[in-house]
Structure formats: structure tokens, C-alpha cells
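Worksheet: one structure, shown below.
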Amino acid sequence: MSDKQAPTLVASRTALPPEGAALARGGPSRRTPAQPVRRVTAGTTEAPWVRYTLIAVALLFVFLFLVLPLAAVFTEALRKGFGAYLAALQEPDAWSAIKLTLIAAAVAVPLNLVFGVAAAWAIAKYEFRGKSFLTTLVDLPFSVSPVVAGLIYVLLFGAQGWFGPWLQAHDIKIIFAVPGIVLATVFVTFPFIARELIPLMQAQGNDEEQAAIVLGATGWQTFWHVTLPNIKWGLIYGVILCNARAMGEFGAVSVVSGHIRGQTNTLPLHVEILYNEYQSVAAFAVASLLAILALVTLAIKSVAEWRHEADMKAAADLPPERPSFVPSPAGSGPG
Amino acid sequence: MSSLSSVASPAAVLPGSPAGGKRAARRVLPGFHLTLGYTVLYLSLIVLIPISALFFKTFTLTLDQFWVAVTSPRVLASYRLTFGASLIAALVNLVFGMLVAWVLVRYTFPGKKLVDALVDLPFALPTAVAGISLTALLAGNGWLGQYLEPMGIKLAFTPAGVVIALIFVGLPFVVRTVQPVLEDAEKELEEAATSLGATRLQIFTKVILPHIMPALLTGFAMAFARAIGEYGSVIFIAGNMPMISEITPLIIIGKLEQYDYAGATAVAVVMLVLSFILLLVINALQAWQRRNAGAPA
Numbered sequence: 012m013s014d015k016q017a018p019t020l021v022a023s024r025t026a027l028p029p030e031g032a033a034l035a036r037g038g039p040s041r042r043t044p045a046q047p048v049r050r051v052t053a054g055t056t057e058a059p060w061v062r063y064t065l066i067a068v069a070l071l072f073v074f075l076f077l078v079l080p081l082a083a084v085f086t087e088a089l090r091k092g093f094g095a096y097l098a099a100l101q102e103p104d105a106w107s108a109i110k111l112t113l114i115a116a117a118v119a120v121p122l123n124l125v126f127g128v129a130a131a132w133a134i135a136k137y138e139f140r141g142k143s144f145l146t147t148l149v150d151l152p153f154s155v156s157p158v159v160a161g162l163i164y165v166l167l168f169g170a171q172g173w174f175g176p177w178l179q180a181h182d183i184k185i186i187f188a189v190p191g192i193v194l195a196t197v198f199v200t201f202p203f204i205a206r207e208l209i210p211l212m213q214a215q216g217n218d219e220e221q222a223a224i225v226l227g228a229t230g231w232q233t234f235w236h237v238t239l240p241n242i243k244w245g246l247i248y249g250v251i252l253c254n255a256r257a258m259g260e261f262g263a264v265s266v267v268s269g270h271i272r273g274q275t276n277t278l279p280l281h282v283e284i285l286y287n288e289y290q291s292v293a294a295f296a297v298a299s300l301l302a303i304l305a306l307v308t309l310a311i312k313s314v315a316e317w318r319h320e321a322d323m324k325a326a327a328d329l330p331p332e333r334p335s336f337v338p339s340p341a342g343s344g345p346g
Numbered sequence: 615m616s617s618l619s620s621v622a623s624p625a626a627v628l629p630g631s632p633a634g635g636k637r638a639a640r641r642v643l644p645g646f647h648l649t650l651g652y653t654v655l656y657l658s659l660i661v662l663i664p665i666s667a668l669f670f671k672t673f674t675l676t677l678d679q680f681w682v683a684v685t686s687p688r689v690l691a692s693y694r695l696t697f698g699a700s701l702i703a704a705l706v707n708l709v710f711g712m713l714v715a716w717v718l719v720r721y722t723f724p725g726k727k728l729v730d731a732l733v734d735l736p737f738a739l740p741t742a743v744a745g746i747s748l749t750a751l752l753a754g755n756g757w758l759g760q761y762l763e764p765m766g767i768k769l770a771f772t773p774a775g776v777v778i779a780l781i782f783v784g785l786p787f788v789v790r791t792v793q794p795v796l797e798d799a800e801k802e803l804e805e806a807a808t809s810l811g812a813t814r815l816q817i818f819t820k821v822i823l824p825h826i827m828p829a830l831l832t833g834f835a836m837a838f839a840r841a842i843g844e845y846g847s848v849i850f851i852a853g854n855m856p857m858i859s860e861i862t863p864l865i866i867i868g869k870l871e872q873y874d875y876a877g878a879t880a881v882a883v884v885m886l887v888l889s890f891i892l893l894l895v896i897n898a899l900q901a902w903q904r905r906n907a908g909a910p911a
């Protein structure tokens with residue numbers, strides 16, 4: 012997801028624009044009117060039957076692996092009618108699971124938002140030693156298995172962990188309680204926003220911020236009025252993905268939760284319990300809430316992505332050495 | 615640019631040096647120490663210190679104990695399943711991910727934007743939901759299972775089911791790494807190859823494939839890394855029979871539930887070291903990809 016921005020930018024910045032390249036080679040001007048044009052088009056695409064076969068195979072793959080599972084969630088949830096569906100959602104345990112999921116996301120997303128902005132500012136705006144190492148470390152939670160992520164907090168705060176005896180002496184519960192769930196959620200959603208912002212802010216460069224500072228703006232003013240409008244869509248994109256993962260995390264939360272019904276169950280954990288108790292309709296009803304969340308996420312994400320790409324393009328289309336009198340197209344941003 | 619840095623150089627960290635011109639200009643912006651300090655502090659508190667706890671816990675084991683814990687037959691069987699299934703799933707995603715990216719970039723068809731948006735579903739759909747949904751589809755009475763099982767194809771509650779779940783979670787990676795590179799590929803090269811008499815297949819293998827290779831491998835490595843650690847979607851569909859369909863993360867959970875913290879930690883360290891290695895490989899691949907994209911084609 013986020014990885015698609017960086018290569019796009021580098022490529023489009025360094026490569027000549029296609030028209031320029033064609034002109035430089037004298038391509039179009041030498042063309043004789045009719046025949047070669049057709050041959051060129053034929054050379055850069057496939058025969059119709061190849062095209063249609065490839066499209067069909069790709070769509071079949073997408074249908075089998077993406078559309079069917081999504082459809083199955085809603086079908087299974089409504090198997091016994093709308094009444095049973097609503098009843099499953101009105102259960103008190105389901106409500107407490109919803110509440111806990113919202114709490115975990117409400118803590119994790121803002122924390123990682125502040126971190127993401129700070130990390131992107133430090134990494135994108137300055138040169139310093141160890142920068143690429145730091146960027147790798149920021150990515151680390153992505154590659155750690157969720158189960159391992161949960162385990163490391165058990166080792167820190169569990170009854171036999173480093174701080175276990177001290178926490179017990181002070182009657183503070185972290186593992187098998189809400190704080191542990193929040194911590195595990197923060198860990199697995201850690202890099203989302205930073206990863207979105209770093210390539211974007213690197214692409215946009217420092218010129219606008221420097222101009223603002225030279226004109227007498229304070230650091231905060233520069234951030235609020237210059238940087239933030241430029242990174243708005245990338246920020247929304249990161250937040251929405253971070254939120255989806257925070258609400259949907261299963262493995263890490265499962266390790267630290269203890270599965271106490273009505274107390275330490277998030278929505279995904281509640282789905283698991285219902286499913287293992289063979290309450291299929293209820294399990295899928297709760298799962299359908301998460302599926303709706305996923306669809307809303309995809310919708311907002313698509314919109315943010317279109318705007319975000321426009322921002323990236325605006326930044327990438329700037330000539331490398333921009334004359335200082337040209338107003339920045341990136342700065343005019345989408346209203 | 616030059617006038618900027620000369621105005622600002624008194625405030626800059628390294629004024630004198632000529633090469634420091636750019637560097638000095640960068641330090642004009644305030645907040646370096648604040649943001650870097652906060653980044654390192656938060657990173658240490660949330661990620662680095664907790665992960666180091668894992669390694670310190672391992673040191674409480676003797677080497678023999680560690681070795682026994684990570685090489686017992688049941689654990690070895692789980693490595694084989696986790697690696698094998700992740701590898702197959704990542705290979706399937708390599709082929710079909712490239713196909714989906716190709717179709718999305720090169721062709722037009724109705725509903726293309728919808729398909730493009732849907733590709734990210736595995737990122738947005740909680741893994742537990744994917745797990746129970748795939749199980750419902752492939753179980754004996756499911757939409758697909760009812761046709762497959764009479765033909766002798768049993769997917770749910772077998773290692774094959776693990777592969778299916780891992781294909782689902784890894785699906786977006788190859789598509790999303792290859793897509794932008796394909797979009798940027800210069801058609802002029804293909805036109806040139808055509809005018810030199812190359813067939814379409816030759817162009818694909820000799821012009822397009824080398825260009826997208828770094829992105830393909832990056833996507834493959836990411837899908838593989840994600841599959842290795844995956845837990846939520848797999849445990850519902852796997853059946854979780856010891857020695858047959860038990861993945862390594864489940865071994866860790868099993869050991870934890872028996873209060874075998876040391877054993878769980880030992881297996882977790884093996885997985886963690888593997889994730890480090892994969893992360894470094896992915897970083898190297900991405901660096902290659904950037905060089906490849908930046909080089910004059």
C-alpha cells in the first residue's frame with residue numbers, strides 16, 4: 012500500500028517525460044501516415060483474445076478470493092433472518108466488545124498519529140546519521156508476528172514478567188485487562204501513519220517550510236499552515252488504515268486478553284468465541300460489523316488515495332531545481 | 615535556494631563547509647531535536663524495549679533447553695507447514711498478483727475502479743472475519759465446499775486450507791508493489807522492441823519483466839513475511855491438528871496456555887529472527903527497486 016508511492020515518485024522524477032523522450036528520438040515526425048501507427052499500437056498491447064482471457068482470469072481470482080468471502084459474511088449473518096441478526100448484535104457481551112474495540116482504537120490511533128507526524132518530520136525534513144536504520148526500525152512491527160507482539164507484553168507485564176511483581180504489589184493489572192489490549196493494539200498499528208507520511212513529505216521537500224520560516228513564521232505556524240495542508244490526504248489515508256487494523260487486530264490482542272467475556276473481549280475476539288461455541292449466526296453478525304467497517308475503510312481510503320496521488324503527482328511534477336518565484340502547485344492543494 | 619541558505623546560515627548547525635550548503639538549509643527548519651527525540655523515545659518504549667525483553671527471557675534458558683524447545687518434532691512440523699504454506703501462497707500471489715496488476719494497469723473493463731479498491735480488502739478486513747468466512751465457504755456444506763468435496767478436494771481443516779487463507783492475506787502486496795512500476799514503464803521501449811521485430815512474448819520476458827522484477831520480488835517477500843506471522847485467518851480454517859495443520863504462531867499460543875513461557879519465548883525468538891532477516895531482505899529489494907526505477911531505462 013504505502014510502498015507504491017516511493018517508486019512512483021522516483022521513477023517519474025528522474026525519467027524524461029514520455030513526449031519529450033519521443034521527440035528527442037525524432038519518433039513521431041518520421042512516421043509515415045497510415046501503417047506504422049497501427050503497428051506501434053499492436054506492439055504495445057495484446058491480441059483481443061489474450062486480453063479478454065487475462066481479464067477473465069484476473070477477475071475470477073478476485074471474485075473467488077475477495078468477493079466470495081465478503082459475500083459469505085453477510086449471507087451467513089442473515090441466514091436466520093434479520094431478527095436473529097439484530098438479536099445477536101443487541102447482546103450485552105457484543106456491546107461491551109464494541110465498546111472495548113472503540114476504546115483500543117481511540118487510544119492507539121491518536122498515539123500513533125502523533126508519533127507518525129513526528130517521525131515523518133524528523134526523517135523527511137532532515138539528514139542525519141542512522142536515518143535509514145531508524146526507518147527500518149519504524150517498520151519493524153509490520154514484520155513481527157502478531158502473536159509474538161502479544162507475547163512480548165506478556166513477558167514485560169505478565170505475572171512472571173519483568174514488571175509483574177511490582178505491578179502485583181501495586182494492584183495494577185495490565186495483562187488480561189484493558190491496558191494490555193490497548194498496548195498490543197498500539198504495537199501492531201505503530202508504523203501505519205509514519206509509513207504513509209515519510210515518502211510523501213520526502214517528495215514534497217522543504218522549500219515551502221523554509222520560505223515560511225524565512226518570512227517569520229514560527230515552527231508551529233509553519234506546520235499548521237504549510238505542512239499540514241500538503242499532507243492532509245496522506246494523513247487521512249494513514250489514519251483510516253491504522254484505525255481498521257486497530258479495530259480488527261486479532262492475534263496480538265488474543266494473547267494479552269485472557270478472553271474474559273464482557274470484560275476483555277474485543278470484537279474480533281468475540282467473533283472467535285461465538286464461532287467456537289457454534290453460534291454461527293451470531294458470530295457472522297458480529298463479523299459483519301467488522302466487514303462493514305472494512306468496506307467503509309476501503310471507500311474512504313479510495314477517495315483519500317485519489318487526492319493523495321494528486322498531491323504526490325503535484326510534488327513529483329515539480330522541476331528538481333524549482334525557480335523560487337514559481338508558486339508551488341502542491342501548496343494550492345485540493346480545497 | 616542559495617539565497618535562502620545564505621540568509622539562514624547563522625542559525626544553521628554547520629555553516630562553514632561548502633557541501634554543508636544543503637545540509638545547513640535543511641536544519642533551518644525547527645523541531646529536529648524535538649521530533650527525533652520523541653520518535654526515538656516512543657519507538658524505544660513501544661517497540662525496542664519490549665522486543666529486547668524477549669531476548670533477555672531467552673537468556674534464562676540454557677542452550678540445550680533452547681535447542682530442545684525449538685526443535686521438538688511438533689515444533690519442526692509447524693515450521694514445515696508455516697514455511698511451506700507461506701511459500702506456496704506467496705508464489706500464487708506472485709503470479710496472480712502480477713496478473714491483476716497487469717490487467718488493472720494495461721486494460722480497461724467495466725468495474726475496474728471497484729476491483730482496484732477491492733484489492734485492499736485483505737488489509738481492511740479483520741483476519742478473524744476472513745478466517746471464519748473462508749472456512750464457511752470451503753467447509754463441506756459451504757458454497758464452494760459442497761462442490762469440491764464430492765470431487766475429493768478437501769480444503770477446510772487441512773494444510774491446503776492454510777494456503778488458501780495465506781493467499782487471501784498476502785494478495786494485495788504483489789499487486790500494490792507492481793502496479794505503480796507498471797504504470798511508470800515507458801511504452802517507448804516496447805515500441806522500440808516491436809519495431810526491431812520482437813514478438814509480444816519476447817517483449818514481456820525481455821523488456822517488461824526485467825523492469826518490474828524488483829517490485830515483483832519485493833511484493834513476494836512482503837507477502838511471504840506477512841504469511842509467516844499470520845495467525846487470525848489461519849486458525850479457523852486449519853483444523854489445528856498437531857503435526858499436520860498446526861502453524862508456528864499457534865505453537866507459541868499453546869505453550870503460553872500451558873504456562874511454558876520459556877518455551878514460547880524460544881519459538882518466538884526463532885520467528886522474530888526470521889522476521890528481522892525478511893525485513894532486511896525487503897529493504898534491500900526496495901533499495902534495488904529504487905535504483906532500478908531511477909536508472910535511465
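From first to last, the protein sequence lines are chains A and B.
The first sequence runs contiguously to residue 346 in the working numbering.
The second sequence runs contiguously to residue 911 in the working numbering.
Think of the CB as a built atom: it goes at the ideal place given N, C-alpha and C, for glycine as much as any other residue.
Whether residue i touches residue j by CB criterion (9 Å)
{"i": "residue 207 of chain A", "j": "residue 252 of chain A", "result": "yes"}
{"i": "residue 741 of chain B", "j": "residue 862 of chain B", "result": "no"}
{"i": "residue 728 of chain B", "j": "residue 230 of chain A", "result": "no"}
{"i": "residue 746 of chain B", "j": "residue 108 of chain A", "result": "no"}
{"i": "residue 314 of chain A", "j": "residue 158 of chain A", "result": "no"}
{"i": "residue 200 of chain A", "j": "residue 120 of chain A", "result": "yes"}
{"i": "residue 322 of chain A", "j": "residue 215 of chain A", "result": "yes"}
{"i": "residue 781 of chain B", "j": "residue 703 of chain B", "result": "yes"}
{"i": "residue 793 of chain B", "j": "residue 715 of chain B", "result": "yes"}
{"i": "residue 866 of chain B", "j": "residue 881 of chain B", "result": "yes"}
{"i": "residue 852 of chain B", "j": "residue 773 of chain B", "result": "yes"}
{"i": "residue 886 of chain B", "j": "residue 155 of chain A", "result": "yes"}
{"i": "residue 166 of chain A", "j": "residue 668 of chain B", "result": "yes"}
{"i": "residue 650 of chain B", "j": "residue 248 of chain A", "result": "no"}
{"i": "residue 692 of chain B", "j": "residue 860 of chain B", "result": "yes"}
{"i": "residue 398 of chain A", "j": "residue 111 of chain A", "result": "Residue 398 of chain A cannot be examined here, being either before or after the span of chain A that is shown, 12 to 346."}
Residue i burial status per 10 Å Cβ neighbour count (16 or more: buried)
{"i": "residue 212 of chain A", "result": "buried"}
{"i": "residue 58 of chain A", "result": "exposed"}
{"i": "residue 239 of chain A", "result": "exposed"}
{"i": "residue 804 of chain B", "result": "buried"}
{"i": "residue 871 of chain B", "result": "exposed"}
{"i": "residue 316 of chain A", "result": "buried"}
{"i": "residue 139 of chain A", "result": "exposed"}
{"i": "residue 281 of chain A", "result": "buried"}
{"i": "residue 80 of chain A", "result": "buried"}
{"i": "residue 891 of chain B", "result": "exposed"}
Nearest neighbour of residue i, chosen from the options [CA to CA]
{"i": "residue 731 of chain B", "options": "A/205, A/110, A/277, A/73", "result": "A/73"}
{"i": "residue 84 of chain A", "options": "B/757, B/766, B/805, B/826", "result": "B/757"}
{"i": "residue 219 of chain A", "options": "A/235, A/204, A/205, A/209", "result": "A/235"}
{"i": "residue 790 of chain B", "options": "B/801, B/804, B/831, B/819", "result": "B/831"}
{"i": "residue 243 of chain A", "options": "A/268, A/320, A/276", "result": "A/320"}
{"i": "residue 798 of chain B", "options": "B/825, B/751, B/722, B/811", "result": "B/825"}
{"i": "residue 188 of chain A", "options": "A/227, A/68, A/168, A/153", "result": "A/168"}
{"i": "residue 259 of chain A", "options": "A/105, A/172, A/305", "result": "A/305"}
{"i": "residue 100 of chain A", "options": "A/310, A/294, A/209", "result": "A/294"}
{"i": "residue 318 of chain A", "options": "A/241, A/143, A/210", "result": "A/241"}
{"i": "residue 838 of chain B", "options": "B/739, B/708, B/655", "result": "B/708"}
Alpha-carbon to alpha-carbon, residue j and residue i
{"i": "residue 262 of chain A", "j": "residue 196 of chain A", "result": "10 Å"}
{"i": "residue 903 of chain B", "j": "residue 116 of chain A", "result": "34 Å"}
{"i": "residue 769 of chain B", "j": "residue 835 of chain B", "result": "25 Å"}
{"i": "residue 283 of chain A", "j": "residue 170 of chain A", "result": "25 Å"}
{"i": "residue 63 of chain A", "j": "residue 713 of chain B", "result": "12 Å"}
{"i": "residue 685 of chain B", "j": "residue 777 of chain B", "result": "23 Å"}
{"i": "residue 625 of chain B", "j": "residue 224 of chain A", "result": "Here the model assigns residue 625 of chain B a pLDDT of 38, short of 50, so the residue's position is not dependable, and the following value carries that caveat. Cα-Cα distance, rounded: 12 Å."}
{"i": "residue 278 of chain A", "j": "residue 301 of chain A", "result": "8 Å"}
{"i": "residue 812 of chain B", "j": "residue 61 of chain A", "result": "17 Å"}
{"i": "residue 896 of chain B", "j": "residue 706 of chain B", "result": "19 Å"}
{"i": "residue 217 of chain A", "j": "residue 133 of chain A", "result": "12 Å"}
{"i": "residue 810 of chain B", "j": "residue 722 of chain B", "result": "27 Å"}
Neighbour list for residue i in chain C, Cβ cutoff strictly below 9 Å
{"i": "residue 729 of chain B", "result": "Among the protein chains of the structure shown, namely A and B, there is no chain C."}
Check: residue i C-beta below 8 Å from any heavy atom of the ligand COA
{"i": "residue 92 of chain A", "result": "This structure simply doesn't include the ligand COA, nor any ligand for that matter."}
(request) With a floor of 4 residues, list each alpha helix (DSSP H) that falls wholly inside the segment 692–747 of chain B, ordered by position along the chain. (result) The DSSP assignment places complete alpha helix (DSSP H) segments of no fewer than 4 residues inside the segment 692–747 of chain B at 726–732, 735–738, in order along the chain.
(request) Could you name each continuous alpha helix (DSSP H) segment of 4 residues or more that falls completely within the segment 843–892 of chain B, going from the start of the chain to the end? (result) 846–852, 862–871
(request) Could I get the ranges of all uninterrupted alpha helix (DSSP H) runs contained in the segment 246–271 of chain A, with 4 residues as the minimum, in chain order? (result) 262–268
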